[in-house]
Each structure stands twice: as C-alpha cells, then as structure tokens.
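Student: Residue numbers (numbering that gives the first Met the number 0): 0 to 99.
By construction, the Cβ of each residue, glycine as well, lies at the ideal position given by its N, Cα and C atoms.
Since we're looking at a predicted model, the values are computed, not measured.
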Amino acid sequence: MNCKITRNAAKVLKLELDKEENQGKSLRVVITHAHGDHAHYGLDLDTPKETDTVVSTDKGIDVILENGQPLLDGVKIDYLYFPEEGFVITNPSQGNHGDH
0 MNCKITRNAA KVLKLELDKE ENQGKSLRVV ITHAHGDHAH YGLDLDTPKE TDTVVSTDKG
60 IDVILENGQP LLDGVKIDYL YFPEEGFVIT NPSQGNHGDH
C-alpha cells in the first residue's frame, strides 16, 4: 500500500494532528463512494484496526488505509488554495486524476 501527501496538505494536516484532542490518532483515507473503476475519497482521524495498514509517508504523517481496497493503494492527498480551498484526494495509479 502506498500514499503520497503534498507539502501543502502536510502543513494543514500537521496543524490538525497536533491538536490536543487528536493526540494518538492518525489520518485515515476512506472511500466515500465507488463506481466503475474509480472512487471518491474522504479524510478522517482514527486509530488503526486489525483490517488496516498504516503507511508512513515522506512528510512524517502516518496514513491508515483499509486492507483489501485496491482503490486506496496509491492515493495522493493534496491541499489547494485555488479555485476553492480544501483537500483534493486522487489516485493517479488507478487512473483517477480528480472528481468528475
């Protein structure tokens, strides 16, 4: 399992993960909706379960991915400021380069 976090996303995520109420939690990428050969993704703060893999990223943020979900392998988490501010999660390795 693999996950990439961009520099912009890492800055925002670290601020959230450093909050006292989030101590002991990790970032989880979830599939909010899947159809055909791609999925729509969301983020949550959670603790790993037996059915999960924890992936260490080069930004020092561990990401929880559920095993057995091929559309999670290779996700990329970005944070954009334009045209709208917010997270954008895609999976280029699965041919998903953005929502349609």
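Could you compute how far the alpha carbon of D72 sits from the alpha carbon of E15?
Tutor: Going by the C-alpha atoms only, they are around 23 Å apart.
Student: Quick one, which of D61, E83, P47 and S92 has its alpha-carbon nearest P69's?
Tutor: Closest option to P69, Cα to Cα, is S92.
Student: What would DSSP say about H99, mapped onto helix, strand or coil?
Tutor: Confidence at H99 is low in this model, with a pLDDT of 41, below 50, so the placement of that residue is unreliable and no value is reported for it.
Student: Output the distance between the C-alpha atoms of E19 and V54, rounded to the nearest integer angstrom.
Tutor: For E19 and V54, the distance between alpha carbons rounds to 23 Å.
Student: Using a 10 Å radius around the Cβ and a threshold of 16 neighbouring Cβ atoms, would you call N66 buried or exposed?
Tutor: Classification for N66: exposed.
Student: Hey, quick one: how far does the beta strand (DSSP E) through L14 stretch, first residue to last?
Tutor: Element bounds for L14: not the beta strand (DSSP E) but the alpha helix (DSSP H), R6 to L16.
Student: In its own chain, which residues sit with a C-beta less than 6 Å from the C-beta of R27, not counting the 5 before and 5 after it?
Tutor: Contacts found: D43, D45 and I63.
Student: Quick check on H99: buried or exposed, where buried means 16 or more other Cβ atoms within 10 Å of its Cβ?
Tutor: With a pLDDT of 41 at H99, under the threshold of 50, the modelled position of this residue cannot be trusted; read the value that follows with caution. Answer is exposed; the Cβ neighbour count stays below 16.
Student: Under the rule that 16 or more other beta-carbon atoms within 10 Å means buried, what is A33, buried or exposed?
Tutor: Counting Cβ neighbours within 10 Å, A33 comes out exposed, since fewer than 16 surround it.
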